[in-house]
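Going by our numbering, 259 is the number at position 273 of the sequence shown; the sequence numbering is gapless. Notes follow once the structure below has been shown.
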Amino acid sequence: MDRIGHVVDTTHFHDHGALGDLFSLAQEMEQLDQEPPLPTTPSLRLEPRARPRILVADFHEPSSRTYNSFSSAMVSLGGQVIGTNDAKQDSSAAKGEWLEDEIRVYASYGDAIVLRHPEEGAARRAAAVSRVPVINAGDGAGEHPTQALTDLYTIRKHYGRMDELNVAMVGDLLYGRTVHSLARLLSSRKGIHLTFVAPEPLRMREDVRAYLQGHGVPFKETDDLEAAAASADVLYATRIQGERFQDPAEYGRLKGIYAVTPAILKGMREGAMVMHPLPRVGEISPEVDADPRAWYFRQAENGIPVRRALLKVILDGYPK
Ligand code: NCD
């Protein structure tokens, strides 16, 4: 298959072949990683070039996992990373430079750009002017496609399937970009039932609901976390996105509205999964961490093989 270009949303991976090939590669990388190499072991690195391949990290919003897992993934492939995790302060964005100008220049400094930006649509704007692939690492309240890939990879790892799943999403479904991307990605699978648990002001955004309706994906909306958790194969909790609120008082009123506690966990199925893209700020109590259903730290770890595989197919194409 050809190399893939920009990754601004999950659309490319709605194709089951493209998704399956990506996840097989991620799984292979994960397995071979632990083995001593044999003469027959395929290379887990990028194809050699005269110079190392370079990923430009351009993060205009705080990040722990996405920035560092992309960096770790690129380095483990034999590539290098330049750029910043604090572009808002230490790049010319602080002088008011346009994103488009910045991206045009960065495209000549590396082989791909991974961009996080507070404005929705920023990754698409960047892709429109970039001659190297742009990977969306979160654009405001818009999308976070590589997190959704990590999430679905984690679900597949546990259940051995990506279809026939009840997925409950709880928290900030209006501003939370991870759930927008995950809901869209799941809509490409069969037998998916979604339940959205959110206070009225933070209910799943309209365009995602319309998209699901358009694709015949059943969903229900409720404020009853306990009931939603009890019937879920996956309970996906999210942080209330304080930085996106106009009114701090409104944030104060809504934060802490839902929490996955031992009492909620008690009503959940054995073998169910509690997920969270992290960081959590109270949405899952620490008492839940020791339960085998707590998947969020393993989920974060899975960001490595998924991003390695993604960088490999972006830079070299799918292995033949
Ligand atoms: C999320 C993000 O930045 O959208 N974190 C992540 O990338 N794993 C979630 C959040 O900030 O709430």
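Quick reminder that beta carbons are idealized off the backbone N, C-alpha and C, glycines included.
| task | Take THR136 and list the residues in its own chain whose beta-carbon comes closer than 7 Å to its own, dropping the five residues that flank it on each side. | result | The residue labelled residue 136 in the question sits at position 150 within the sequence shown. Excluding five sequence positions before and after THR136, the CB atoms of its chain that fall closer than 7 Å to its own CB belong to GLN285, ASN288, GLY289, VAL292, given in chain order.
| query | DSSP on ILE68, reduced to helix/strand/coil? | reply | Your numbering for residue 68 matches position 82 in the sequence shown. Annotated three-state conformation of ILE68 is strand, per DSSP.
| query | Within 8 Å: the Cβ of PRO263 and any heavy atom of ligand 3? | reply | In terms of ligand content, the structure shown lacks ligand 3 and carries ligand 1 instead.
| said: Check this for me: beta carbons of LEU251 and ALA295, under 9 Å apart or not? | reply: Working through the sequence shown from its first residue, we reach residue 251 at position 265. Working through the sequence shown from its first residue, we reach residue 295 at position 309. Judged by beta-carbon spacing, ALA295 lies beyond the 9 Å limit of LEU251, meaning their Cβ atoms are not closer than that value.
| For the candidate residues ILE226, THR208, GLU106, HIS130, whose alpha-carbon lies nearest to that of ASP158? | Taking the sequence shown and counting its residues from 1, the one referred to as residue 158 is at position 172. Just measuring C-alpha positions, the residue of ILE226, THR208, GLU106, HIS130 sitting nearest ASP158 is ILE226.
| Among the residues of its own chain, which have a CB less than 8 Å from the CB of TRP281, if the five just before and after it don't count? | Counting from 1 along the sequence shown, the entry for residue 281 is found at position 295. Within the same chain, and ignoring the five residues on either side of TRP281 in sequence, the residues whose Cβ sits closer than 8 Å to its Cβ are THR140, HIS144, MET259, VAL260, MET261.
| Should ARG111 go down as buried or exposed, given a rule of 16 or more other Cβ atoms within 10 Å for buried? | The residue given as residue 111 occupies position 125 in the sequence shown. ARG111 should be labelled buried.
| Distance, Cα to Cα, PRO272 vs ALA114? | In the sequence shown, counting from the first residue as 1, residue 272 sits at position 286. In the sequence shown, counting from the first residue as 1, residue 114 sits at position 128. Put simply, the backbone Cα of PRO272 is about 43 Å away from that of ALA114.
| Hey, quick one: how far does the alpha helix (DSSP H) through GLU86 stretch, first residue to last? | The residue labelled residue 86 in the question sits at position 100 within the sequence shown. Residue range 85 to 92 is occupied by the alpha helix (DSSP H) that includes GLU86.
| task | Quickly, what does DSSP pair TYR237 with across the bridge? List them, please. | result | The residue you call residue 237 lines up with position 251 of the sequence shown. Beta-bridge pairing links TYR237 to no other residue.
| query | Just how far apart, CA to CA, sit GLN17 and ALA80? | reply | As a working mapping, residue 17 is identified with position 31 in the sequence shown. As a working mapping, residue 80 is identified with position 94 in the sequence shown. Cα to Cα, the separation comes out at about 43 Å.
| query | With burial defined as no fewer than 16 other Cβ atoms inside 10 Å of the residue's Cβ, what is the status of VAL299: buried or exposed? | reply | For the purposes of this step, residue 299 is taken as residue 313 along the sequence shown, with counting starting at 1. With 16 or more other Cβ atoms within 10 Å, it is buried.
| message | Nearest by alpha-carbon distance to PRO119: which of GLU269, THR26, LYS206, ILE40 is it? | response | For the purposes of this step, residue 119 is identified with residue 133 of the sequence shown, where counting begins at 1. Distance check between PRO119 and each of GLU269, THR26, LYS206, ILE40 places ILE40 closest, using alpha-carbon atoms only.
| task | Express the C-alpha separation of THR132 and ARG142 in angstroms, rounding to a whole number. | result | Position 156 of the sequence shown holds residue 142. Position 146 of the sequence shown holds residue 132. Going from the Cα of ARG142 to the Cα of THR132 covers about 15 Å.
| query | Which residues in the same chain have their Cβ closer than 6 Å to the Cβ of MET(-13), if we skip the five residues on either side of it in sequence? | reply | The residue given as residue -13 occupies position 1 in the sequence shown. Residue confidence is low: MET(-13) scores 45 on pLDDT, short of 50, so the model does not pin down where it sits. No coordinate-derived value is stated.
| Okay, do the region 191 to 208 and the region 168 to 180 touch, 3+ Cβ pairs below 8 Å being the bar? | In the pairwise beta carbon analysis, the region 191 to 208 is classified as touching the region 168 to 180: at least three pairs are separated by under 8 Å.
| Is the beta carbon of GLY64 less than 9 Å from the beta carbon of PRO38? | Taking the first residue of the sequence shown as position 1, residue 64 is located at position 78. Taking the first residue of the sequence shown as position 1, residue 38 is located at position 52. Cβ atoms of GLY64 and PRO38: closer than 9 Å.
| query | Do THR181 and ligand 1 come close, with the Cβ less than 8 Å from some heavy atom? | reply | Locating residue 181 in the sequence shown gives position 195, counting from the first residue. For THR181, the Cβ stays outside the 8 Å cut-off from all heavy atoms of ligand 1.
| Cut-off 6 Å between Cβ atoms - residues of its own chain near PHE(-1), not counting five sequence neighbours on either side | Position 13 of the sequence shown, counting from 1, holds the residue named residue -1. The answer, listed in chain order, is LEU5.
| message | Within 10 Å of its beta-carbon, does ARG239 have 16 or more other beta-carbons around it, so buried, or fewer, so exposed? | response | The residue given as residue 239 occupies position 253 in the sequence shown. Using a 10 angstroms sphere on the CB of ARG239, the tally of other CB atoms stays under 16, which defines it as exposed.
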